[in-house]
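UniProt numbering puts the first residue of the sequence shown at 1, with every later residue one more than the last.
A virtual CB, placed ideally from N, CA and C, is assigned to each residue, including glycine.
Report on the following structure.
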Amino acid sequence: MLGDPSYQTSDSPQCTLLAIFSSLLNSNSILPVSQATFSHSLNIYFYKLLSLLHFHQRVPRTGWVYRNVERPESVSDHMYRMAVMALVTKDKHLNKDRCVRLALVHDMAECIVGDIAPADNIPKEEKHRREEEAMKQLTQLLPEDLRKELYELWEEYETQSSAEAKFVKQLDQCEMILQASEYEDLENRPGRLQDFYDSTAGKFSHPEIVQLVSELEAERNANIAAAPREPSS
1 MLGDPSYQTS
11 DSPQCTLLAI
21 FSSLLNSNSI
31 LPVSQATFSH
41 SLNIYFYKLL
51 SLLHFHQRVP
61 RTGWVYRNVE
71 RPESVSDHMY
81 RMAVMALVTK
91 DKHLNKDRCV
101 RLALVHDMAE
111 CIVGDIAPAD
121 NIPKEEKHRR
131 EEEAMKQLTQ
141 LLPEDLRKEL
151 YELWEEYETQ
161 SSAEAKFVKQ
171 LDQCEMILQA
181 SEYEDLENRP
191 GRLQDFYDST
201 AGKFSHPEIV
211 QLVSELEAER
221 NANIAAAPRE
231 PSS
């Protein structure tokens with residue numbers, strides 16, 4: 001069942017929120033909104049959806065939690081910056097509006113299932129199943145046309161079935177290493193989060209992102225080279 005804490009490992013940072021998600025989803029009946037009743041029930045259903053989406057602001061990005069980053073970014077922080085990155089692309093071959101929408105929807109399910117990280121050792125297929133079920137629950141709170149739009153955006157990103165989805169996937173990874181570099185700067189510990197960089201090796205192909213990553217890595221490498229060496233034991 002969605003919201004069951006067994007969805008996460010016992011020490012996962014999302015566990016304490018999942019029971020709240022479950023109570024919101026299970027309060028009263030959550031049924032698809034028909035056109036006949038939509039005008040009457042819109043406020044109730046929309047409020048429930050917003051209440052669930054609010055938890056994006058409270059769900060920390062798990063990778064940072066596991067690396068003991070102080071006050072790590074939330075899922076909401078991550079998606080917002082991705083949306084801005086999509087908004088300022090100069091690539092005329094991409095549908096910019098669709099890129100922004102994909103960025104805002106791609107992690108929407110995490111307000112229910114949490115941010116499942118590779119370190120959680122949950123198989124990719126199981127992660128997809130949980131997120132798919134969560135998206136179906138969330139979109140049931142919307143009228144049919146919006147339900148279809150949001151679910152199809154999420155599915156497009158998951159299947160990487162468009163140029164826009166592929167671009168946004170690269171933004172996802174680029175934003176992650178940008179954030180890693182910023183945490184290293186804040187902690188004054190250059191190079192501490194190298195594993196996040198290593199996980200993206202060879203995954204960038206879009207010219208804008210390749211250039212941004214190249215500049216980011218050059219600045220980071222300079223910081224690492226200038227950092228005082230720790231004395232050997």
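- No residue range can be given for Lys90, since it is assigned to no alpha helix (DSSP H) and is classified by DSSP as neither H nor E.
- Unbroken alpha helix (DSSP H) runs of no fewer than 4 residues, entirely contained in the stretch 165-233, are found at 194-198, 207-226, following chain order.
- Non-local C-beta neighbours of Arg81 in its own chain, meaning closer than 6 Å and more than five positions away in sequence, comprise Glu175, ordered along the chain.
- A distance of 7 Å or more separates the beta carbons of Glu110 and Val69.
- Taking the C-beta atoms as reference points, Ala119 is found no nearer than 7 Å to Val100.
- DSSP links Ser161 through a beta bridge to no other residue.
- For the pair Asp115 and Lys92, the Cα-to-Cα distance works out to about 32 Å.
- Distance from the CA atom of Met79 to the CA atom of Ala163, rounded to whole angstroms, is 19 Å.
- For Pro118, the secondary structure class from DSSP, reduced to helix, strand or coil, is helix.
- For a cut-off of 8 Å, the C-beta gap from Leu87 to Lys96 is around 7 Å, short enough to register as a contact.
- About 15 Å separates the beta carbons of Leu193 and Arg71, which is beyond the 8 Å limit, so they are not a contact pair.
- A distance of 7 Å or more separates the beta carbons of Leu94 and Phe204.
- Within the same chain, Cβ atoms closer than 6 Å to the Cβ of Gly191 are found at Ile224, the five residues on either side in sequence being excluded.
- Closest in alpha carbon position to His206, among Asp198, Ala165, Leu52, is Ala165.
- A straight line joining the alpha-carbon of Glu156 with that of Val65 spans about 29 Å.
- Taking the Cα positions, Thr139 is about 21 Å away from Glu125.
- When beta bridges are read from the DSSP output, Pro60 appears opposite Ser74.
- Beta-bridge annotation (DSSP): Pro123 is not paired with any residue.
- Taken atom to atom, the span from the alpha-carbon of Arg129 to that of Thr62 is near 19 Å.
- Rounded to the nearest whole angstrom, the C-alpha separation of Leu104 and Ser181 is 23 Å.
- Apart from the 5 residues on each side of it in sequence, Gln170 sits with its Cβ closer than 8 Å to the Cβ of Lys203, Phe204, Ser205, His206, Ile209 in its chain, given in chain order.
- Here Asp172 is buried. Its C-beta has 16 or more other C-beta atoms within 10 Å.
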